[in-house]
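Residue numbers (the working numbering): 99 to 538.
Heads up, the beta-carbon is just placed ideally off N, CA and C, and yes, glycines get one too.
In this text, all values refer to a predicted model and were calculated from it rather than measured experimentally.
What follows is the structure in structure tokens.
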């Protein structure tokens with residue numbers, strides 16, 4: 099009996115040491131859109147690049163999981179993941195409870211200030227665009243409505259429009275479905291559609307999960323909701339127009355170029371200075387070619403360059419020269435975007451330049467010709483200044499390419515022509531400040 103007690107005591111004393119032998123590489127908090135599937139799959143792929151062969155994901159609470167990894171000759175490790183909404187990523191970083199923040203919206207000014215001790219949270223070493231997503235406005239497949247503009251969508255979700263007959267549907271009350279207040283999807287929808295001062299209609303059904311919301315809309319002929327693009331599932335996504343821009347469906351290409359009205363970026367945020375080494379390594383993997391393969395596999399839109407053949411017409415406001423240049427050419431799935439009134443590239447554009455250089459150096463693309471066509475937003479001072487600015491933006495991209503041995507065939511600017519979004523708000527103007535890339 100004494101011998102048995104001795105063995106039990108020995109095992110009891112060993113348990114803490116065994117647990118402590120499992121090193122926590124990093125803790126990642128934030129967006130449910132990023133954390134539900136994308137982050138776990140990226141983490142598993144990254145761990146395999148480090149030689150781990152046994153990787154498991156175990157849920158320990160709703161929207162919380164632990165990812166464990168082991169391999170021959172390797173120390174067992176774990177990664178803790180919590181996906182309770184984008185706002186919790188910045189709170190977790192501030193409190194020291196998280197090493198990486200996941201967000202389906204850009205960091206806010208007040209969050210940048212709150213995290214000032216970590217450096218500039220908008221710098222290229224702090225902000226990583228890991229992929230792209232489109233917020234799809236979804237209805238039941240039997241719904242007769244095919245397209246809406248962002249103003250009408252806002253009126254529906256604010257409760258100003260309450261019957262489907264008001265928007266061309268069959269008569270009957272509209273049932274509104276929405277993500278919860280902690281969700282980055284809701285935050286982005288509110289920012290892009292409702293606006294900060296417009297409350298969601300009272301009585302809307304709220305969800306923490308994209309998938310659950312979509313499934314319920316698919317079962318409700320009177321339902322309308324919004325979800326991340328991969329979660330349309332058995333519902334149907336509406337074609338969406340923004341302001342004076344033409345209606346654009348939520349497709350992978352229109353989301354990749356960010357021309358779709360409700361396209362958004364998915365982010366990882368790390369401290370600019372003093373970040374966890376493993377966390378930094380993971381973030382760099384996430385934006386690499388291998389990481390972007392995972393983004394595609396999960397169902398989001400990666401930043402790998404693809405080509406699209408677009409049908410354009412003069413009736414949509416395109417300049418004659420623009421149509422002549424692009425006739426027979428193919429557009430690439432990236433736009434270089436800039437801060438207001440400047441020729442300064444944003445963080446995504448800087449990495450996209452590297453991707454474009456690699457793309458044009460590929461054997462199958464040698465001998466093809468690039469065209470860079472720049473645009474400004476209509477609020478950038480005077481029309482002539484907007485034209486000069488659009489040309490300068492194209493020149494900035496061209497100069498970088500030339501330094502890398504790639505000489506563009508044409509470099510043009512068209513001022514505030516051909517907006518892809520409304521110029522009435524900052525989000526739309528940001529989309530309109532761009533350089534498109536075409537190839538022959």
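Let me confirm a value: residue i is counted as buried when at least 16 other C-beta atoms fall within 10 Å, else exposed. Which label applies?
i: residue 483; result: exposed
i: residue 194; result: exposed
i: residue 182; result: buried
i: residue 127; result: buried
i: residue 500; result: exposed
i: residue 276; result: buried
i: residue 268; result: exposed
i: residue 435; result: buried
i: residue 461; result: exposed
i: residue 123; result: buried
i: residue 171; result: exposed
i: residue 442; result: exposed
i: residue 286; result: buried
i: residue 294; result: exposed
i: residue 258; result: exposed
i: residue 446; result: buried
i: residue 221; result: exposed
i: residue 282; result: buried
With DSSP collapsed to three states, give me the class of residue i.
i: residue 477; result: coil
i: residue 223; result: coil
i: residue 407; result: coil
i: residue 139; result: helix
i: residue 130; result: helix
i: residue 483; result: helix
i: residue 205; result: coil
i: residue 611; result: Nothing about residue 611 can be read from this structure; the chain reaches only from 99 to 538.
i: residue 436; result: strand
i: residue 325; result: strand
i: residue 199; result: strand
i: residue 425; result: coil
i: residue 304; result: strand
i: residue 373; result: coil
i: residue 277; result: strand
i: residue 500; result: helix
i: residue 494; result: helix
i: residue 213; result: coil
i: residue 235; result: strand
i: residue 289; result: helix
How many Å lie between residue i and residue j at the Cα?
i: residue 347; j: residue 390; result: 23 Å
i: residue 528; j: residue 475; result: 7 Å
i: residue 319; j: residue 330; result: 15 Å
i: residue 422; j: residue 412; result: 11 Å
i: residue 439; j: residue 452; result: 24 Å
i: residue 211; j: residue 489; result: 34 Å
i: residue 299; j: residue 292; result: 11 Å
i: residue 486; j: residue 495; result: 15 Å
i: residue 178; j: residue 184; result: 16 Å
i: residue 549; j: residue 432; result: Limits of the chain in this structure are 99 at one end and 538 at the other, which puts residue 549 out of reach.
i: residue 524; j: residue 321; result: 30 Å
i: residue 415; j: residue 246; result: 20 Å
i: residue 239; j: residue 135; result: 25 Å
i: residue 218; j: residue 224; result: 7 Å
i: residue 186; j: residue 280; result: 8 Å
i: residue 105; j: residue 394; result: Residue confidence for residue 105 is low, a pLDDT of 48 falling below 50, so the modelled location carries little weight and cannot support an answer.
i: residue 155; j: residue 313; result: 24 Å
i: residue 305; j: residue 497; result: 47 Å
i: residue 491; j: residue 203; result: 25 Å
i: residue 388; j: residue 145; result: 12 Å
i: residue 196; j: residue 396; result: 24 Å
i: residue 340; j: residue 526; result: 8 Å
i: residue 237; j: residue 315; result: 6 Å
i: residue 426; j: residue 538; result: 7 Å
i: residue 166; j: residue 149; result: 13 Å
i: residue 371; j: residue 216; result: 6 Å
Which residues does DSSP pair with residue i in a beta bridge?
i: residue 469; result: 508 and 536
i: residue 165; result: 155 and 177
i: residue 399; result: 230
i: residue 365; result: 201 and 227
i: residue 246; result: 338
i: residue 387; result: DSSP lists no partner for residue 387.
i: residue 346; result: 338
Does any CB atom of chain C fall closer than 8 Å to the CB of residue i?
i: residue 472; result: You won't find chain C in this structure, because it holds only one protein chain.
Return yes when at least one heavy atom of the ligand COA lies under 7 Å from the C-beta of residue i, else no.
i: residue 146; result: Absent from the structure shown: the ligand COA. Ligands present: none.
Worksheet item: Are there three or more Cβ pairs, one per stretch, closer than 8 Å when the stretch 503 to 519 is compared with the stretch 460 to 480?
Response: yes
- the stretch 365 to 383 / the stretch 399 to 415 touching (three or more Cβ pairs under 8 Å): no
Checklist entry - Counting Cβ pairs closer than 8 Å, one from the stretch 237 to 257 and one from the stretch 402 to 416, do we hit at least three? => result no
Q. Within the chosen definition, does the stretch 379 to 396 reach the stretch 256 to 274 through at least 3 CB pairs nearer than 8 Å?
A. no
Exercise. Kindly confirm or deny that the stretch 228 to 246 and the stretch 349 to 365 touch, where touching means at least three C-beta pairs closer than 8 Å.
Key: yes
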